[in-house]
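Undergrad: Residue numbers (our numbering), protein chains in the order written: chain A, 20 to 328; chain B, 21 to 336. Take a look at the following structure, please.
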């Protein structure tokens with residue numbers, strides 16, 4: 020795929036598969052989202068090998084150091100370096116976001132395919148089932164799973180994955196139905212592709228734009244859910260660095276050191292904002308009908324995400 | 021209309037059925053023996069058997085489910101394993117905190133999001149309109165828990181106007197302090213929920229601008245804004261009603277976290293502690309009550325929307 024990243028194009032060049040990336044970059048929302056998401060992902064990777072201090076290293080003599088040098092954002096009640104904790108927390112966040120994204124993809128595609136491509140009674144029942152499941156708040160699913168297996172990051176991944184997978188299915192299903200009747204799918208069927216081959220080769224690539232947008236938003240939900248559930252004690256175990264856990268810990272000292280809670284909250288907010296805007300930008304960059312009528316049509320379809328945390 | 025109501029009612033009942041089965045089955049797949057878990061390690065087989073019988077675990081799964089649902093239909097949501105009190109009774113008691121909290125949050129969310137959302141749409145090409153919409157976008161990304169902490173820092177720690185935590189021991193017997201205790205929690209949920217609602221109101225308003233009846237209003241001599249307010253706002257109101265169901269779900273979720281943060285003795289905090297304690301019969305009843313409530317609100321919202329939207333009335 021060396022020819023893949025062709026820059027956004029002299030007019031006569033054939034439209035590249037990756038042209039949307041250029042369009043995304045030209046949108047202020049998309050650019051902001053992309054940069055934030057890259058920074059968080061990069062931080063998570065760097066934190067695997069290097070953080071300014073060992074994030075779990077307790078140093079009582081140096082507790083509650085104010086922001087400065089060498090502790091850029093100060094230290095917490097046990098003298099742990101807050102910047103290092105935040106960097107290490109990014110790892111947990113990225114892990115949960117990616118995990119929830121994978122589960123949501125699997126659940127979403129399966130339900131959408133069942134709801135669009137099967138016999139009439141199956142697909143109608145799946146659609147009703149999806150409509151019912153959509154009413155379950157993610158946090159309720161998480162509580163249900165935690166009550167049985169206890170809390171862990173996997174609880175967050177599964178609950179957001181299932182909860183948002185249903186959303187993805189609901190949005191992707193009508194797209195699949197629409198594409199199903201297009202000429203290239205018929206041509207594929209006529210040339211002897213099995214339904215599964217047709218799904219992978221023609222159907223999924225054509226619903227991918229709708230789907231990727233949802234995925235970006237579901238990752239935002241996952242980040243919020245991780246923070247909320249870890250705060251409640253159903254997410255990350257105390258040995259794991261997590262922004263939500265850090266908030267819970269710092270909250271106990273909020274009357275004495277009120278400013279310390281600013282940092283983890285800011286990290287969560289920025290990450291969620293980045294993923295939300297990336298989703299908004301992706302939708303605009305990949306939806307041909309939206310890019311044609313810039314303006315009212317584009318803002319009119321702002322999504323309303325579900326609150327989870 | 022009658023046909024629509026019946027179809028929607030069937031969907032609601034189906035939803036309640038699916039929800040109850042899912043909750044029931046999920047809480048039964050616990051690896052190992054619940055009765056053994058409750059009895060503890062030092063228990064005799066006879067004690068375990070007694071607990072098993074008390075919980076009805078010696079029955080078949082379908083029988084257990086029917087017993088449970090039969091009880092629920094008679095208003096018996098189950099009994100706590102740890103305290104022996106009834107779930108319905110505890111829910112009613114804790115609702116005294118959570119219901120006012122939810123209503124206050126919803127009021128705050130609607131009161132601040134509808135005017136600001138309309139304003140930010142009407143002034144979308146000006147700096148203030150853009151600033152409002154950026155603020156809504158940013159606020160919608162704030163985790164509820166952190167929003168609560170920041171409000172505590174400002175209004176409780178720095179200004180000292182409101183309590184940072186807790187609820188008066190006398191409950192609503194001490195109405196002024198009970199009300200004060202709920203202000204910051206309701207403000208927290210209201211702001212975060214309101215930010216979502218504001219974005220929705222903004223896009224609904226922008227959609228209304230393009231509608232024929234609004235354009236007609238402008239054509240017969242109203243200013244654009246007057247036409248929007250007189251003919252467009254009813255549309256906006258309708259679309260706000262459609263998302264109210266989602267908002268109620270959001271407020272319940274927010275209440276779980278916020279009651280924990282502000283140590284309020286409400287339903288959310290009870291659920292958190294019961295899940296931590298693995299009081300499964302109680303959790304089962306609470307989850308059913310909460311999801312049932314969300315489903316019923318969705319049902320009512322759909323019906324109300326159907327009744328007051330003239331376009332929908334004609335369609336049916």
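Even glycine gets a Cβ: it sits at the ideal position worked out from N, Cα and C. The structure displayed is predicted, hence computed values, not measured ones.
Quick one: give me the first and last residue of the alpha helix (DSSP H) that residue 284 (chain A) is part of.
TA: Residue numbering aside, residue 284 (chain A) sits at position 265 when the first chain is read from its first letter. 281-305 is the span of the alpha helix (DSSP H), which, as asked, contains residue 284 (chain A).
Undergrad: Please compile the residues from chain A whose C-beta is within a distance smaller than 7 Å of the C-beta of residue 35 (chain B).
TA: Position 15 of the second chain, counted from the start, is the residue given in the question as residue 35 (chain B). Near residue 35 (chain B) (Cβ distances below 7 Å), the residues of chain A are 151, 154.
Undergrad: What residues of chain A sit near residue 280 (chain B), judged by a beta carbon separation below 7 Å?
TA: By one-based count along the second chain, residue 280 (chain B) stands at place 260. 251, listed in chain order.
Undergrad: With burial defined as no fewer than 16 other Cβ atoms inside 10 Å of the residue's Cβ, what is the status of residue 326 (chain A): buried or exposed?
TA: As a position in the first chain, residue 326 (chain A) is number 307, starting the count at 1. Low confidence applies here, because residue 326 (chain A) scores a pLDDT of 41, under 50, leaving its location unreliable and the question unanswered by this model.
Undergrad: Given a limit of 9 Å on CB to CB distance, which residues of the region 192-209 of chain B reach chain A?
TA: Going along the region 192-209 of chain B in chain order, one finds 209 with a Cβ nearer than 9 Å to chain A.
Undergrad: Go ahead and pull the three-state DSSP assignment for residue 314 (chain A).
TA: Along the first chain, read from residue 1 onward, the residue named residue 314 (chain A) stands at position 295. In this predicted model, residue 314 (chain A) has a pLDDT of only 43, less than 50, meaning its place in the structure is not dependable enough to derive any value.
Undergrad: From residue 28 (chain A) to residue 304 (chain A), what distance separates their C-alpha atoms?
TA: Counted from its first residue, the first chain places residue 28 (chain A) at position 9. Counted from its first residue, the first chain places residue 304 (chain A) at position 285. Annotation note: pLDDT 49 at residue 28 (chain A) (below 50); position unreliable, coordinate value reported separately. Approximately 15 Å between the Cα atoms of the pair.
Undergrad: Taking Cβ positions, are residue 301 (chain A) and residue 242 (chain A) nearer each other than 8 Å?
TA: Residue 301 (chain A) sits at position 282 when you count from the first residue of the first chain. Residue 242 (chain A) sits at position 223 when you count from the first residue of the first chain. No, Cβ-Cβ distance for residue 301 (chain A) and residue 242 (chain A) is not below 8 Å.
Undergrad: If I follow the unbroken alpha helix (DSSP H) through residue 240 (chain B), where does it start and stop?
TA: Translated into positions along the second chain, residue 240 (chain B) becomes position 220. No alpha helix (DSSP H) contains residue 240 (chain B), which DSSP labels as neither H nor E.
Undergrad: If you reduce the DSSP assignment to three classes, tell me which class residue 225 (chain B) lands in.
TA: Here residue 225 (chain B) refers to the residue found at position 205 when the second chain is read from its first residue. DSSP places residue 225 (chain B) in helix when its eight states are reduced to three.
Undergrad: Residue 148 (chain B) by DSSP, collapsed to three states: which one?
TA: As a working mapping, residue 148 (chain B) is identified with position 128 in the second chain. In this structure, residue 148 (chain B) counts as helix in the three-state DSSP scheme.
Undergrad: Could you pull the DSSP bridge partners for residue 232 (chain B) from this structure?
TA: Within the second chain, residue 232 (chain B) is the residue found at index 212, counting from 1. Its beta-bridge partners do not exist; DSSP assigns none.
Undergrad: What residues match up with residue 258 (chain A) in a beta bridge as DSSP calls it?
TA: Position 239 of the first chain holds residue 258 (chain A). Paired residues: none, contrary to the question.
Undergrad: Are the C-beta of residue 288 (chain A) and some C-beta of chain B separated by less than 8 Å?
TA: The count along the first chain starts at 1 and reaches residue 288 (chain A) at position 269. Yes, its Cβ sits closer than 8 Å to a Cβ of chain B.
Undergrad: Go through its chain and collect everything with a Cβ distance to residue 20 (chain A)'s Cβ below 7 Å, but skip five positions before and after it.
TA: By one-based count along the first chain, residue 20 (chain A) stands at place 1. At residue 20 (chain A) the pLDDT is 42, less than 50, meaning the model places this residue with poor confidence; the figure from the coordinates comes in the next sentence. So the list is empty, once near-sequence residues are dropped.
Undergrad: Would you report the Cα separation of residue 284 (chain A) and residue 252 (chain B), rounded to the nearest angstrom?
TA: For the purposes of this step, residue 284 (chain A) is taken as the residue at position 265 of the first chain. For the purposes of this step, residue 252 (chain B) is taken as the residue at position 232 of the second chain. Cα to Cα, the separation comes out at about 38 Å.
Undergrad: Mark residue 217 (chain A) as exposed unless 16 or more other C-beta atoms lie within 10 angstroms of its C-beta, in which case mark it buried.
TA: The residue labelled residue 217 (chain A) in the question sits at position 198 within the first chain. Buried, by the Cβ-count rule.
Undergrad: What residue does the alpha helix (DSSP H) around residue 15 (chain B) start on, and which one ends it?
TA: Absent from the structure is residue 15 (chain B), since the part of chain B shown begins at 21 and ends at 336.
Undergrad: Beta-carbon of residue 157 (chain B) versus every beta-carbon of chain A: anything under 8 Å?
TA: Position 137 of the second chain holds residue 157 (chain B). Chain A contact via Cβ: present.
Undergrad: Given 8 Å as the limit, is there contact between the region 111-123 of chain B and the region 284-292 of chain B, that is, 3 or more CB pairs closer than that?
TA: Flag = yes, the region 111-123 of chain B and the region 284-292 of chain B touch.
Undergrad: Would a check of beta-carbon distances place residue 113 (chain A) closer than 8 Å to chain B?
TA: Within the first chain, the letter at position 94 stands for residue 113 (chain A). Output row for residue 113 (chain A): interface = no.
Undergrad: When the Cα of residue 132 (chain A) is compared with those of A:231, A:263, A:222, A:253, which residue comes out closest?
TA: Along the first chain, read from residue 1 onward, the residue named residue 132 (chain A) stands at position 113. Comparing Cα-Cα distances from residue 132 (chain A) to each of A:231, A:263, A:222, A:253, the minimum goes to A:222.
Undergrad: Would residue 336 (chain B) pass as an interface residue toward chain A - the criterion being a Cβ-Cβ separation below 8 Å?
TA: On the second chain, residue 336 (chain B) is found 316 positions in, with the first residue counted as 1. Reliability fails at residue 336 (chain B), whose pLDDT of 48 lies under 50, so the model's placement of it is uncertain and the value that follows must be treated cautiously. Residue 336 (chain B) does not count as touching chain A.
Undergrad: In whole angstroms, give me the CA-to-CA distance for residue 74 (chain B) and residue 307 (chain B).
TA: Translated into the one-based positions of the second chain, residue 74 (chain B) becomes position 54. Translated into the one-based positions of the second chain, residue 307 (chain B) becomes position 287. About 21 Å.
Undergrad: Look at the alpha carbon of residue 330 (chain B) and the alpha carbon of residue 191 (chain A), and state the distance between them as a whole number of angstroms.
TA: Here residue 330 (chain B) corresponds to residue number 310 of the second chain, with the count starting at 1. Here residue 191 (chain A) corresponds to residue number 172 of the first chain, with the count starting at 1. One C-alpha to the other measures close to 30 Å.
Undergrad: Near residue 186 (chain B), what residues of its chain come up, given a Cβ to Cβ distance below 6 Å and the 5 sequence neighbours on each side ignored?
TA: Here residue 186 (chain B) is taken as the residue at index 166 of the second chain, counted from 1. Cβ within range, chain order: 283.
Undergrad: Where in the region 208-260 of chain A do unbroken runs of the beta strand (DSSP E), each at least 3 residues long, occur, reported from the N-terminal end onward?
TA: Within the region 208-260 of chain A, no complete beta strand (DSSP E) run reaches 3 residues.
Undergrad: Restricting to Cα atoms, I'd like to know which of A:73, A:100, A:75 is closest to residue 84 (chain A).
TA: One-based indexing of the first chain puts residue 84 (chain A) at position 65. Checking every option, the nearest Cα to that of residue 84 (chain A) belongs to A:100.
Undergrad: Do residue 220 (chain A) and residue 207 (chain A) come within 8 Å of each other at the CB atom, strictly closer than that value?
TA: Here residue 207 (chain A) refers to the residue found at position 188 of the first chain. Here residue 220 (chain A) refers to the residue found at position 201 of the first chain. Yes, they are a contact pair.
Undergrad: Output the distance between the C-alpha atoms of residue 169 (chain B) and residue 247 (chain A), rounded to the nearest integer angstrom.
TA: Here residue 169 (chain B) corresponds to residue number 149 of the second chain, with the count starting at 1. Here residue 247 (chain A) corresponds to residue number 228 of the first chain, with the count starting at 1. So the two alpha carbons sit approximately 13 Å from each other.
Undergrad: Consult DSSP for residue 94 (chain A) and reduce its assignment to one of helix, strand or coil.
TA: Here the question's residue 94 (chain A) lines up with position 75 in the first chain. If DSSP states are grouped into helix, strand and coil, residue 94 (chain A) belongs with the strands.
Undergrad: Suppose the cutoff is 6 Å on Cβ atoms and the five residues either side in sequence are ignored; what does the same chain contact list for residue 184 (chain B) look like?
TA: Along the second chain, read from residue 1 onward, the residue named residue 184 (chain B) stands at position 164. The residues are 172, 176.
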